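In mature numbering (1 follows the signal peptide of the UniProt record, and there is no 0), the protein residues as written are -18 to -1, 1 to 691.
C-beta: ideal position from N, C-alpha, C; glycine also.
No experiment lies behind these values; they were computed from the predicted model shown.
Each remark here refers to the structure printed beneath this line.
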Amino acid sequence: MKNVLICASLLGSMLTFAQENDTIKSNNIDEVIVTGYITKNSESANKMPLKDIENPQVYNTVNKNVIKEQVATNINDALKNVTGIARLWESTGRGNDGGEYYTMRGFSLQPTLLNGMPSFNNGTIDPAGIETIEAIKGPSGTLYGGSVISYGGLLNVVTKRPYNYLGGEIGYVLGGYGLNRVTADVNTPIGKNLYARINAAYQKQNSFQDAGSYESIYVAPSVKYIVNDRLTFTVNTEIKKSDAVNAPMIFLSRYSPLSFNSIDLFEQNYKKSYTSNDLSIKNTTFNIQAQANYKISDNWTSQTIVSRGNTKTDGYNQYLWDSANGDEFTRYISKLGGETNTTGIQQNFVGNFNIGKVKNKLLFGLDYFQRQFLLGGTGWAGFGTVSLVNQTDTKAGELNQAAVNTALASTQNAIGTMETKIYSAYISDVVYILPNLSAMLSARVDHFTGNPTAYAVEESKATTTFSPKLGLVYQPIQDKLSIFANYMNGFQNVEPVQNVASDGSKYFAYFDPEHANQWEVGTKASLVKDKLSITASYYNIKVKDKVMPDPANAQNSIQGGEVESKGFEVSAVGSPVNGLNIIAGFSHNDSEVTVGDPTYVGYRPEEAGPKNLFNFWANYKIQEGALRNVGIGFGANSASEHYTLNRASIGTFAIPSYAVFNAALSYNEDKYSVILKLDNIANKKYFSGWSTVTPQRLRTVSLSLSYRF
């Protein structure tokens, strides 16, 4: 907590400095910032053009400039710049949900949107093709449905698009643990009103532990064709193949009283991976999106999007399970196979019209989404015991494909199919009651059919769900300062489960969708001639109808649980003075199970992560003199203690608080740049987890070279 408070005080000082240097003038209100850390107003949060300051919802963005200056070679490093987000699980590569898990506003989530459309990835997302990452806060079921959202929000990756002249950049990053990364971004006109762009990356790196590696290749071509001044077509594709050796996740026992009371043993084994480089998992991802934008009239536009996605898993996955004796863990291993196919079709109409003298901005949309998951591979086999006390592994000499395949030969193959279809209609109207007072009225009707997971043997009952969203924005100083409030809804469809009756017979229990409702109030300010944006808000999210263990029989599930998550966030991004770019945030979250199994009631959910999070990064580029174009960057990420296991029946296990500091030294000219980056300056040992304990990367030095043309 001390680390978090120290870092938060830095943020407070920075905000005070920004306010003292702002005259809050109303001129130049249409100035567009195209450099630095500020991103243009996002259409994704509300699927319509809307300035951030008149948007009743909170979202944070991380653009390509931040990613480049921080030499971020993975999406986790980029997301460290988002207020109130922390990683719970690293990518496992397993089918259907093998991507990284994060927590935001007390709830787990994954990056599941690509350019506003559902997209699933069993591995990791390469930052080479990213224009902007958008963290849209709160349950956003009204515009995005229940298939891709978390009650805490959602993550949308916006990719780079073609532009109308020849240009590009070639880059190379050399770094610690054998990092080699080559990137290319090339854009060119290829005909009249026809433009093409390709982003590509190759990366190879070893783990900081005694085994582990990652190798990937990423290619993302895109084409834009301007038919005329009314009609534009864009096609975006991306292909990624990766081969990773992941350390097994270390699970604490969820069913026995905790036998560990400190992090000490895990620190002593910090560099132990308990795997071998012979046991890798391969992930392949392919996405294609075709979009047509048509200007119907001066006041109305049409957007049609069709997307297809495919992601595959093939390889070994393992985890260590707590033997509940304060020392040993049993390894379980499987050779996984899996494939996910998705199809999305979306039609949006956006228009401006008046009712009398009252201006309206209207969105009407139709959405179809189909998802199919094919489960394959072997079953799970026990494969040795790991001792943390003795730092030994009974199968250390047999961690190879031949020995593992022999152990798996007697297991039963895993076979299953999941398929869901969702048909939706939504509408959103922004009513400008006064020039500085607007109200947003939104609603969605969502019809769901199918089976949400490959493990359920019964199909869920078809459900039709209504999801509302309301917002109000008042601007005391128009385009400079706003006060906002929102009421938002999110929902998730739940698979049927097999319960056991008192007489021993089995039956299937079917559930209604879970619902989350949020109310939020806050303020947004655009300062220093629109060069600095600050947002502060307080939110309260209540989840009802949550499916939880039955207090009478922990093996059964019942509906009716409730969770409350509340807190506040403050974030800032921009360039308050020439040459200085900053991005910073602080969040505090209180989350509690309020109704349900007594094992959980009154306890903070394990997916909620740390209560307090702080992020800060500043980069100053010297403007004149002998050191002109030299840049100096410094940043920090801090988290309070959090409970990776937290239950009345077994106890709690705390992951300690931490503060990690980073720095960069750069030199930039028009055509080239050189950046030297140092991550985790103090070589801090720190952990993440969600019923797990996972060591994080130690000190790393990286050198980035790039040439622009």
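Only residues of its own chain outside the window of five on either side were considered, and among them A507, A554 have a CB closer than 6 Å to the CB of I516, listed in chain order.
I131 is a Cβ neighbour of G472, given a cutoff of 7 Å.
The continuous beta strand (DSSP E) containing Q271 extends over residues 263 to 277. When the alpha-carbon of S519 is set against those of V503, K528, Y298, the nearest one is in V503. Residue state for G111 is assigned as helix, using DSSP reduced to three classes.
By the C-beta density criterion, V482 is exposed, having fewer than 16 other C-beta atoms within 10 angstroms. Here E51 is buried: its Cβ has 16 or more other Cβ atoms, across all protein chains shown, within 10 Å. Measuring C-alpha to C-alpha distances from F190 to each of F691, P677, S684, V479 identifies P677 as the nearest. In this structure, DSSP gives D411 an extended state, which the three-state scheme calls strand. Three or more Cβ pairs drawn from the stretch 525 to 532 and the stretch 484 to 503 lie within less than 8 Å of each other, which places the two stretches in contact. Selection T106, L61, Y41, N45 evaluated against E72 yields T106 as nearest (Cα-Cα).
Counted as a single uninterrupted DSSP element, the alpha helix (DSSP H) harbouring A389 occupies residues 383 to 390.
Counting along the chain, V140 sits inside no alpha helix (DSSP H); it lies in the beta strand (DSSP E) bounded by residues 135 to 141. Under the 8 Å Cβ criterion, the stretch 603 to 612 does not count as touching the stretch 99 to 113, having fewer than three qualifying pairs.
Looking at the DSSP output, Q480 shares a beta bridge with F490.
In the structure shown, E82 adopts coil according to DSSP, grouped into three states. L687 is classed as exposed because its beta carbon has fewer than 16 other beta carbons within 10 Å across all chains shown.
Counting C-beta pairs with one atom in each stretch, the stretch 626 to 638 and the stretch 653 to 664 have fewer than three that are closer than 8 Å, which means they do not touch.
Contact between F596 and F568 holds: their C-beta atoms lie close to 5 Å from each other, under 8 Å. Contact between T295 and G80 holds, with the beta-carbon distance rounding to 6 Å and staying under 8 Å. Under DSSP, Y405 takes part in a beta bridge, and its partners are Y350, H429. By the neighbour-count criterion, in which a residue is buried when 16 or more other Cβ atoms sit within 10 angstroms of its Cβ, S684 is buried.
Using a Cβ-Cβ distance cut-off of 8 Å, the stretch 92 to 101 and the stretch 127 to 143 are in contact, since at least three pairs of beta carbons, one from each stretch, lie closer than that value.
Within the stretch 299 to 325, there are no complete alpha helix (DSSP H) runs of at least 4 residues. Listed in chain order, the beta strand (DSSP E) runs fully inside the stretch 626 to 655 are 633 to 637, 640 to 650, counting runs of at least 3 residues.
Contact between A363 and Y298 fails: their C-beta atoms lie close to 11 Å from each other, not under 8 Å. Between T267 and A182, the alpha-carbon positions lie close to 14 Å from each other. In the DSSP assignment, E116 forms a beta bridge with T43, N138. Contact check between the stretch 306 to 320 and the stretch 368 to 382: three or more CB pairs, one atom from each, fall below 8 Å, which counts as touching. A contact between stretches requires three or more CB pairs, one per stretch, nearer than 8 Å, and the stretch 115 to 124 fails this requirement with the stretch 147 to 167. The DSSP-derived three-state label of D59 is helix. Looking at G615, V479, P203, A646, the one whose alpha-carbon comes closest to that of K443 is V479. The alpha-carbon of Y177 is positioned some 50 Å away from that of I637. DSSP places G157 in the uninterrupted beta strand (DSSP E) bounded by 149 to 157. Within the same chain, Cβ atoms closer than 6 Å to the Cβ of L345 are found at K29, M30, V332, S410, the five residues on either side in sequence being excluded.
Residue state for I245 is assigned as coil, using DSSP reduced to three classes.
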